[in-house]
Every structure is written in structure tokens, then in C-alpha cells.
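Q: Mind having a look at this structure? Questions to follow.
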Amino acid sequence: MESKDSGRVMKILAVGDIHLGRLPSRIPEDFPCQARELSPEAAWRRTVDLAIGEQVAAVLLAGDVIESEKDFFEGYRALKQGVDRLANAEVQVIAVAGNHDVEVLPRLARALADQPAFTLLGEGGKWHSHRIEASGEQVTICGWSFPRRRVSNSPLAGATLERGADLTLGLLHCDLDQRRSDYAPVMQRELDAAGLDGWLLGHVHKPHELKPDSLCGYLGCLSGMDPGEHGARGPWMLTVAGGFLGQVEQIPIAPLRWERLSVDVGELDDIGEIDEFLLEKMKQHDASLFASGNGPDAVGLRVQFTGQTRFVRELPQKAGELAENASQSEISGRHYFIEHCEALVRPRTDLAELATRNDPLGLLAGKLLLLDQPQADPERQALLKDATASFRSTLNESRWRDIESNDEELLEAQVIERLRRTGTTALQTLWAQRESAG
Ligand SMILES: [Mn+2]
């Protein structure tokens with residue numbers, strides 16, 4: 001047995017939004033793993049197992065640990081069970097409250113008042129720090145908790161953070177680089193100016209690619225709850241040696257993973273073999289993702305058929321069937337279901353050739369070709385200008401407004417992506433009609 005002091009390396013496990021009390025959406029009814037086994041609670045149990053198994057000195061929780069006050073009993077029980085197990089294994093738990101658990105986390109802290117292993121940092125919206133010592137290393141954690149559900153000013157405004165002589169990390173639930181937000185808006189330059197050695201953030205569910213040399217960013221949610229939260233999810237293992245951060249690594253232990261798979265069907269010769277063709281691509285994808293182990297129990301897959309094919313007429317219908325049946329398969333002991341499937345394919349005829357036709361198909365092919373023209377092309381510019389104006393008038397989503405105000409390049413990329421998608425779908429339909437007409 002290794003002792004906690006062996007190797008002179010301190011390990012810390014950092015955990016983003018858990019949302020205990022929530023269940024993942026869109027799991028098929030007859031799926032072998034039920035939503036409960038794929039829940040944030042299951043991911044939290046695995047995180048506790050990992051922390052104990054790896055003998056970490058501390059587990060950091062970056063807020064939104066519990067979904068809401070109405071999940072108090074269930075969420076509270078799951079959190080407390082984990083904290084008790086960690087405490088018994090002499091692992092400290094240091095948490096800040098986010099906008100979802102503004103009341104419930106302080107309540108837990110009071111219930112655990114006799115439990116020195118649990119620390120709620122920054123209660124009442126005041127910065128506090130806490131020192132962890134293990135393996136001859138010292139790390140100071142500076143944290144701030146939401147004092148109420150909505151906070152529209154920066155938690156760093158007017159604050160002076162006291163760093164230790166040792167490695168000092170910030171733990172904060174906030175809305176990074178959003179000037180106007182009710183969820184503790186913070187600008188990157190404020191974090192940079194605070195003089196700490198790194199920042200571990202909660203709130204946004206998509207993790208950043210965190211690196212030890214400039215550690216700053218979102219940990220991401222512990223477990224993806226819907227298809228929008230695709231990609232690897234899990235806690236982050238940090239090692240500290242000689243007063244410096246060593247490794248910073250995401251451990252993808254969430255039991256459920258959402259994935260997107262683009263399948264080029266150009267090589268498909270027989271539409272009757274599409275299921276086998278897709279399964280083969282899924283196996284390749286599985287092998288490339290989970291070669292090193294640590295795979296999830298279940299994968300919800302969003303499939304997109306792409307490429308140039310003879311089966312422009314058949315594939316959209318086939319995609320619809322696959323999605324409607326939530327088709328399931330087992331690969332390397334993992335249960336897959338197809339959450340969504342769509343076809344964005346083109347006929348084998350070149351767009352340039354189609355564009356010479358004097359009909360709607362030719363007109364559409366011409367527009368799609370414009371998207372690939374150089375930026376300076378006046379016709380391309382005119383197309384994008386019209387499309388941007390029409391998207392702006394139809395879309396009133398807040399994310400669209402943010403993009404509009406912040407980033408012209410990103411807006412243009414999104415307009416192009418939308419045009420390509422709607423254009424390709426329309427081309428599919430027109431081509432299929434033409435084929436049906438004989
Ligand atoms: Mn949040």
C-alpha cells in the first residue's frame with residue numbers, strides 16, 4: 001500500500017457542475033441502462049471512488065453541485081453520502097456555491113458543521129481562502145460563493161485576493177467573458193490580474209482544454225445530460241510537486257457520453273447494407289475514442305450521413321427510421337443508441353454541372369457553390385448579407401444576440417453553416433423529386 005506521503009506528489013480532483021437531482025434526457029425506454037444508472041449521481045459516486053482510490057488530498061466542487069432546492073432531499077443525500085465516504089478516507093471537500101445551489105450548499109455546510117473535511121468557501125459572496133497540505137506540498141484555494149441566485153456584477157470587482165506563498169488556485173462559479181449576465185460576469189483580464197496561479201471555473205457545461213502552464217477555464221459538467229453536451233466529461237486530476245502544477249488531466253468517467261458521428265456514405269454501394277455500414281463506422285469510432293480504456297457504459301449518438309452518393313433519395317428516409325427507432329447496438333460492452341440521425345448528402349453529379357441547369361436545382365447548386373468562393377467574391381458577399389439579415393430577423397435567441405454583438409467572424413461562420421445545411425437538404429429533396437419523376 002502506498003501511503004499518502006509517498007512519491008511527494010499531491011493530487012487534487014476538481015469537479016465542475018454536477019447538478020445532482022437531474023436525470024439525462026432522451027434515454028430510450030427499452031434501453032439496457034436506465035437513466036438512473038447514467039445520472040449525475042452515478043457520475044458523482046464514480047468520482048468519489050476515484051478520489052479514494054487515487055488517494056487525492058482534496059476534491060474541489062465548482063458550484064451547481066445540486067440542481068435546485070426542490071432536489072434538496074435526493075441531491076443532499078447523494079452529496080452527503082459522497083462527502084462522508086471522502087471524509088472517512090481523509091479526503092477534504094472544498095466547495096463554492098453556484099446559482100443553482102445558493103441555499104442548499106450552505107445548508108449542507110451547516111449540517112456538516114461537525115465534519116471538518118467539508119469546507120464551503122466564500123459564503124455570502126466574500127472571498128475566502130483555504131490551505132490544503134499533503135505529501136509535503138501546500139496549495140491555497142481562493143473561493144467565492146453566490147450569495148443569491150442572481151449576481152450581475154463581477155465577483156472580482158474591488159476584491160483583493162490574498163495568495164499564499166505557495167501555489168494558489170481560484171475556485172469560482174461565473175459567466176466568463178459575458179459583459180451582461182445575471183450569473184457573476186467575469187472578464188478574462190480580471191482573472192489574469194488577480195495574481196493567482198490558476199482558475200478552476202464552474203457554470204458553463206462545455207469543458208475547456210485545461211493545461212498546467214496556464215490553468216484557467218471551465219471544468220465542464222461532470223456528466224452530459226443531453227445531446228448538446230457532447231464529448232468527454234468527468235473530473236480533472238491535478239498533481240502538484242515541488243510547489244508547481246504537474247499534470248492536469250480530465251478523467252472521462254461519466255457513465256453516459258453523447259457523441260456526434262459524421263459518416264461519409266460515398267463508398268456505400270448497396271442501400272440495403274446501410275445498417276452494417278453504419279455499425280462498422282460506429283465500431284471504428286468507438287475504438288478510436290476508447291482505445292485507452294475509461295469508456296462510458298452508454299453512448300447516445302447523433303449521426304449525420306454526408307458525402308456524394310447514389311442514394312440521395314433513400315438516405316433521408318433511412319436516417320429518419322434509424323432515429324425514430326432509437327436504434328441500439330452493443331460495441332465493446334458499451335450500449336449505444338442513435339439519438340438522432342440525418343442525411344446531408346449530395347448526388348454524385350458535381351455541383352458545377354448541376355449549376356448549369358436552368359431550373360431550381362441549378363439555381364440552388366449555384367448558391368451552394370458560392371459558399372466555396374473566396375471571401376472577396378461580390379456575389380458571395382451579397383448572398384451572406386441577405387442571409388444574415390434574414391436570420392437576424394427570424395432568430396431572437398439570446399445566444400444569437402451575443403454572437404451578433406461580439407463576433408462578426410463567428411456570426412458569418414454560423415450563417416455559412418446554416419446555408420450549407422438548408423441548401424443541401426433542399427438539394428436532396430429536389431434531386432429525389434427529379435428521380436421519382438423518372
Ligand atoms: Mn451555473
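My numbering numbers the first residue of the sequence shown as 1 and each following residue consecutively.
Positions of the beta carbon are idealized from the N, C-alpha and C atoms, including for glycine.
#1: What residue range is occupied by the uninterrupted alpha helix (DSSP H) comprising residue 288?
#2: Closer than 8 Å is the cut-off here; do at least three beta carbon pairs connect the stretch 18-27 with the stretch 75-84?
#3: Quick one: grab the DSSP three-state call for residue 439.
#4: Rounded to a whole number of angstroms, what is the C-alpha to C-alpha distance between residue 220 and residue 210?
#5: Let me know the secondary structure DSSP gives residue 185 once reduced to three states.
#6: Check for me: the beta strand (DSSP E) holding residue 362 runs from which residue to which?
#7: First and last residue of the beta strand (DSSP E) that includes residue 314?
#8: Pull up the distance between the alpha-carbon of residue 84 and that of residue 292, whole angstroms please.
#9: Give the secondary structure of residue 299 by DSSP, where H, G and I count as helix, E and B as strand, and everything else as coil.
#10: If you measure from the CB of residue 100, is any heavy atom of ligand 1 nearer than 8 Å?
#11: Which of the three DSSP states is assigned to residue 404 in this structure?
#12: Given a cut-off of 9 Å on the beta-carbon distance, is the pair residue 286 and residue 214 in contact?
#13: Consult DSSP for residue 15 and reduce its assignment to one of helix, strand or coil.
#14: Straight-line CA distance for residue 172 to residue 302?
#15: Report yes if the C-beta of residue 202 is less than 8 Å from at least one heavy atom of ligand 1; otherwise report no.
#16: Give a single yes or no on whether residue 183 has its beta carbon closer than 8 Å to a heavy atom of ligand 1.
#17: Let's test the definition: count the other Cβ atoms within 10 Å of the Cβ of residue 337 and tell me whether it reaches 16, buried, or not, exposed.
#18: Taking just the CA atoms, how far does residue 269 sit from residue 435?
#19: At what residues does the beta strand (DSSP E) containing residue 198 begin and finish?
#20: Measure the alpha-carbon distance for residue 404 versus residue 317 and round it to whole angstroms.
#21: By alpha-carbon positions, which one of 277, 273, 236 ends up nearest to residue 59?
#22: For residue 112, which residues of its own chain have a beta-carbon under 8 Å away from its beta-carbon, when the five flanking residues on both sides are left out?
#23: I need the boundaries of the alpha helix (DSSP H) containing residue 178, first residue and last residue.
#24: If I'm right that residue 185 touches residue 175 with Cβ under 8 Å, what's the distance once you round it to whole angstroms?
#25: Counting only the same chain and skipping the five closest in sequence on each side, list residues whose C-beta sits under 7 Å from that of residue 264.
#26: Would you say residue 17 touches ligand 1, meaning its beta carbon is less than 8 Å from a heavy atom?
#27: Look at the Cβ atom of residue 151, then the Cβ atom of residue 182, and state whether they are nearer than 9 Å.
#28: Just to confirm, is the Cβ distance from residue 253 to residue 46 under 9 Å?
#29: Please determine, among 250, 298, 180, 262, the residue with the shortest C-alpha to C-alpha distance to residue 226.
#30: From residue 422 to residue 371, what does the alpha carbon distance come to, in whole angstroms?
#31: Candidates 140, 134, 136, 135: which alpha carbon is nearest residue 128's?
#32: Return yes when the C-beta of residue 173 is under 8 Å from any heavy atom of ligand 2, and no when it is not.
#33: Following a CB-centred definition, is residue 377 positioned closer than 8 Å to any heavy atom of ligand 1?
#34: Suppose contacts are defined by Cβ-Cβ distances below 9 Å. Is residue 228 in contact with residue 199 by that definition?
#35: Name the residue from 247, 222, 257, 429 whose alpha carbon lies nearest to the alpha carbon of residue 230.
#36: Between residue 392 and residue 207, what straight-line distance do the alpha-carbon atoms span, to the nearest angstrom?
A: According to the structure shown:
#1: For this step, residue 288 is matched to residue 288 along the sequence shown. From DSSP, the alpha helix (DSSP H) with residue 288 extends over 274-289.
#2: Yes: the two stretches touch, three or more of their Cβ pairs being nearer than 8 Å.
#3: Lying before the first or after the last residue shown, residue 439 is absent from the chain, which here runs from 1 to 438.
#4: Along the sequence shown, one-based indexing puts residue 220 at 220. Along the sequence shown, one-based indexing puts residue 210 at 210. The straight-line gap from Cα to Cα measures roughly 10 Å.
#5: The residue labelled residue 185 in the question sits at position 185 within the sequence shown. Here residue 185 sits in strand by DSSP.
#6: As a position in the sequence shown, residue 362 is number 362, starting the count at 1. No beta strand (DSSP E) holds residue 362; the alpha helix (DSSP H) holding it covers 360-371.
#7: Taking the sequence shown and counting its residues from 1, one reaches residue 314 at position 314. Premise fails: residue 314 lies in the alpha helix (DSSP H), 314-324, not in any beta strand (DSSP E).
#8: Along the sequence shown, one-based indexing puts residue 84 at 84. Along the sequence shown, one-based indexing puts residue 292 at 292. Those two C-alpha atoms are separated by around 31 Å.
#9: The count along the sequence shown starts at 1 and reaches residue 299 at position 299. Reduced to three states, the DSSP call for residue 299 is strand.
#10: The residue you call residue 100 lines up with position 100 of the sequence shown. With a cut-off of 8 Å, the C-beta of residue 100 is classified as near ligand 1, since at least one heavy atom of the ligand falls inside that distance.
#11: In the sequence shown, counting from the first residue as 1, residue 404 sits at position 404. Low confidence applies to residue 404: its pLDDT is 47, below 50, so where it sits in the model is not reliable enough to give any reading.
#12: Locating residue 286 in the sequence shown gives position 286, where the first residue counts as 1. Locating residue 214 in the sequence shown gives position 214, where the first residue counts as 1. For residue 286 and residue 214, no; Cβs fall outside 9 Å.
#13: Residue 15 sits at position 15 when you count from the first residue of the sequence shown. DSSP places residue 15 in strand when its eight states are reduced to three.
#14: Reading the sequence shown from its first residue, position 172 is the one you call residue 172. Reading the sequence shown from its first residue, position 302 is the one you call residue 302. The C-alpha of residue 172 lies about 32 Å from the C-alpha of residue 302.
#15: The residue you call residue 202 lines up with position 202 of the sequence shown. Residue 202: yes, Cβ under 8 Å from ligand 1.
#16: Working through the sequence shown from its first residue, we reach residue 183 at position 183. When distances are taken from the beta-carbon of residue 183 to the heavy atoms of ligand 1, the shortest one is below 8 Å.
#17: Position 337 of the sequence shown, counted from the start, is the residue given in the question as residue 337. Classification of residue 337: buried, given that the 10 Å Cβ count is 16 or more.
#18: For the purposes of this step, residue 435 is identified with residue 435 of the sequence shown, where counting begins at 1. For the purposes of this step, residue 269 is identified with residue 269 of the sequence shown, where counting begins at 1. Rounded to whole angstroms, the separation of the alpha carbons of residue 269 and residue 435 is 18 Å.
#19: To locate residue 198, count along the sequence shown from 1; it is residue 198. Here the beta strand (DSSP E) through residue 198 covers 198-202.
#20: Against the sequence shown, residue 404 aligns to sequence position 404. Against the sequence shown, residue 317 aligns to sequence position 317. Per-residue confidence for residue 404 stands at a pLDDT of 47, beneath the threshold of 50, marking its modelled position as unreliable; the derived number appears in the next sentence. Rounded to whole angstroms, residue 404 to residue 317 spans 35 Å at the Cα level.
#21: Taking the first residue of the sequence shown as position 1, residue 59 is located at position 59. Closest option to residue 59, Cα to Cα, is 236.
#22: In the sequence shown, counting from the first residue as 1, residue 112 sits at position 112. Result list for residue 112: 80, 83, 118, in chain order.
#23: Position 178 of the sequence shown, counting from 1, holds the residue named residue 178. Neither: residue 178 is in no alpha helix (DSSP H) and is coded neither H nor E.
#24: As a first step, residue 185 must be located in the sequence shown, where it is residue number 185. As a first step, residue 175 must be located in the sequence shown, where it is residue number 175. Confirmed, Cβ separation roughly 5 Å.
#25: If you number the sequence shown from 1, residue 264 lands on position 264. Cβ within range, chain order: 306, 307.
#26: For the purposes of this step, residue 17 is taken as residue 17 along the sequence shown, with counting starting at 1. Short note on residue 17: C-beta closer than 8 Å to some heavy atom of ligand 1.
#27: The residue labelled residue 151 in the question sits at position 151 within the sequence shown. The residue labelled residue 182 in the question sits at position 182 within the sequence shown. Yes; because the gap between Cβ atoms is below 9 Å, this pair is in contact.
#28: Along the sequence shown, one-based indexing puts residue 253 at 253. Along the sequence shown, one-based indexing puts residue 46 at 46. With contacts defined as CB atoms closer than 9 Å, residue 253 and residue 46 qualify as a contacting pair.
#29: Translated into the one-based positions of the sequence shown, residue 226 becomes position 226. Residue 226 has its Cα closest to that of 298, out of 250, 298, 180, 262.
#30: Looking up residue 422 in the sequence shown gives position 422. Looking up residue 371 in the sequence shown gives position 371. Taking C-alpha positions only, residue 422 is separated from residue 371 by approximately 13 Å.
#31: Position 128 of the sequence shown holds residue 128. Ranking 140, 134, 136, 135 by Cα distance to residue 128 puts 140 first.
#32: For ligand 2, the structure offers nothing, since it holds only ligand 1.
#33: Stepping through the sequence shown from its first residue, residue 377 is reached at position 377. No, Cβ of residue 377 sits at least 8 Å from all heavy atoms of ligand 1.
#34: As a working mapping, residue 228 is identified with position 228 in the sequence shown. As a working mapping, residue 199 is identified with position 199 in the sequence shown. With respect to residue 199, residue 228 sits apart: the two C-beta atoms are not nearer than 9 Å.
#35: Locating residue 230 in the sequence shown gives position 230, counting from the first residue. For residue 230, the nearest C-alpha among the options comes from 257.
#36: As a first step, residue 392 must be located in the sequence shown, where it is residue number 392. As a first step, residue 207 must be located in the sequence shown, where it is residue number 207. Taking the straight line joining both Cα atoms gives about 29 Å.
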